[in-house]
Amino acid sequence: MQLLHRALARVLASLMLLAAPAVFAQQGNTIRLGQTLPLSGPLTELGTEYRDGAQTYFKWINSRGGVHGRKVELLTLDDGYVVDRTTENAKKLLDEDVFAFFGMFGSANYAALLPLINERSVPSIAPYTGADSLRTANSPTTFWLRASYGDETEKIVDQLTTLGINRIAVFYQDDAFGKAGLAGVEAALAKRKLKVLATGVYDKTKNDVGSAVKAIGAADPQAVVMISTYKPTAAFVKQMRLSGKLPQFFALSVVGVKALNAELGSESAGIAISQVVPFPDSATAPVVREMRQLPAEMLPPAGITYTTLEGYIAARVAVEGLRRAGPNPSREKFVSALETLKDYDVGGFPVNYAGGSRLGSRFAEVTIVGKSGKLMR
Numbered sequence: 364m365q366l367l368h369r370a371l372a373r374v375l376a377s378l379m380l381l382a383a384p385a386v387f388a389q390q391g392n393t394i395r396l397g398q399t400l401p402l403s404g405p406l407t408e409l410g411t412e413y414r415d416g417a418q419t420y421f422k423w424i425n426s427r428g429g430v431h432g433r434k435v436e437l438l439t440l441d442d443g444y445v446v447d448r449t450t451e452n453a454k455k456l457l458d459e460d461v462f463a464f465f466g467m468f469g470s471a472n473y474a475a476l477l478p479l480i481n482e483r484s485v486p487s488i489a490p491y492t493g494a495d496s497l498r499t500a501n502s503p504t505t506f507w508l509r510a511s512y513g514d515e516t517e518k519i520v521d522q523l524t525t526l527g528i529n530r531i532a533v534f535y536q537d538d539a540f541g542k543a544g545l546a547g548v549e550a551a552l553a554k555r556k557l558k559v560l561a562t563g564v565y566d567k568t569k570n571d572v573g574s575a576v577k578a579i580g581a582a583d584p585q586a587v588v589m590i591s592t593y594k595p596t597a598a599f600v601k602q603m604r605l606s607g608k609l610p611q612f613f614a615l616s617v618v619g620v621k622a623l624n625a626e627l628g629s630e631s632a633g634i635a636i637s638q639v640v641p642f643p644d645s646a647t648a649p650v651v652r653e654m655r656q657l658p659a660e661m662l663p664p665a666g667i668t669y670t671t672l673e674g675y676i677a678a679r680v681a682v683e684g685l686r687r688a689g690p691n692p693s694r695e696k697f698v699s700a701l702e703t704l705k706d707y708d709v710g711g712f713p714v715n716y717a718g719g720s721r722l723g724s725r726f727a728e729v730t731i732v733g734k735s736g737k738l739m740r
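In this text, residue positions in the sequence shown follow this note's numbering: the first is 364, and each later residue adds one.
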């Protein structure tokens, strides 16, 4: 019997150690949110700006005493957009007792995280991916914020077909991100009894777009939807133009206009880019005006861009969920609190998780790069 009691004691002690991180995350004086995203690699600009936009709001809310007296701390690790590093970082963050995940980046990256998120029941807010397949996966603690790639491609295809353009090709990255965007274009065209004219694919580890240029150029499309990051996008546009093909080029929001301009220079003019948050140069969007009014030392180094604004909006939604979770938040209370957000107004950007929805927003619009390199609506 003594041996049995000792064995039971050891088991109970182990269980208490396993439970300790969750208790600490819920009861500490600081609420720690964990984030792994690319601060290096092909999405450096997006990852850095998203983090900085979120930090802007967290700094402001902390300067006012935090949430129910607790400061919000964002722990960020760099994964370089590499899936294996993403999963390693996520485990490290859980070891650091983070309360929830915030703004995790990448379609393939987030797909790799879902088993861990579901197993641990970790709240995860505003993953930076538009993959529709991930949104239909069973993940009750994931709260999406940005519109899906399906929403973005629907907007692009609607604009093109309204103008009588229906010979549409797709250039895409050979991974979960690219295939999700391709599926979105296919679905949008199918609604209009149309099909993708031609496709061209590239490997993100090589960024060799030559075969894609040949395949798509041979079909002579009126427009090409590019599901790609900035370097392959720039290479594809350059090579298509050098081959004598001049279709209208459309990119998704993840392309990053600053990095694209750096690669293409004046050649970026005329490229259309879909967006999932309000225009950051708007004089009328309340959330933009709100961000502009914050102390200069709190603002992101890059200023107010589409990506810093998206990070800022995501932080506002996370803080509202924490506020509604009450002075003694738990992960379960946080999830329940987010579920009460019905048409929650983030300065003219409505967010809705009511009625079992996890989609947050479906806002999408199309902008175009002007001669100066700035985006225009």
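Note that beta-carbon positions come from the ideal geometry of N, C-alpha and C, so glycine has one too.
For residue i, I'd like the list of residues in its chain whose CB is within less than 6 angstroms of its CB, leaving aside the five on either flank, ordered along the chain.
i	result
N472	V446 and T449
M589	F534, T596 and A614
T562	V533
I need the boundaries of the beta strand (DSSP E) containing residue i, first residue and last residue.
i	result
R395	T393 to L400
Q611	Q611 to A614
Which of helix, strand or coil does DSSP assign to residue i?
i	result
L440	strand
V559	coil
M589	strand
R740	coil
D708	strand
R427	coil
Where residue i and residue j are concerned, what is the direct C-alpha to C-alpha distance, given to the nearest angstrom?
i	j	result
L406	A614	15 angstroms
I424	E626	37 angstroms
T730	N691	43 angstroms
R655	E673	14 angstroms
L437	A417	9 angstroms
Q611	K734	15 angstroms
K558	K518	16 angstroms
A717	A700	10 angstroms
F465	T492	12 angstroms
E549	L409	26 angstroms
D583	G684	49 angstroms
A510	G428	32 angstroms
A648	F712	9 angstroms
Excluding five sequence neighbours on each side, which residues of the same chain lie with their C-beta closer than 7 angstroms to the C-beta of residue i?
i	result
G580	M603, S606 and K608
A598	N570 and V572
A622	E408 and Y593
Kindly indicate the opening and closing residues of the alpha helix (DSSP H) around residue i.
i	result
E517	Y512 to T525
M603	Y593 to L605
A727	No alpha helix (DSSP H) holds A727; DSSP gives it neither H nor E.
S470	S470 to R483
Taking the Cβ atom as the reference point for each residue, do residue i and residue j lie within a distance shorter than 8 angstroms?
i	j	result
T393	M661	no
V707	V698	Contrary to the premise, residue 707 reads as Tyr rather than Val in this sequence. Taking 8 angstroms as the Cβ cut-off, Y707 and V698 do not qualify as a contacting pair.
A463	L396	yes
D495	A546	yes
V680	I480	no
V651	I676	no
Ordered along the chain, which non-local residues of its own chain (more than five positions away) have a Cβ less than 8 angstroms from that of residue i?
i	result
D538	S470, A471 and K567
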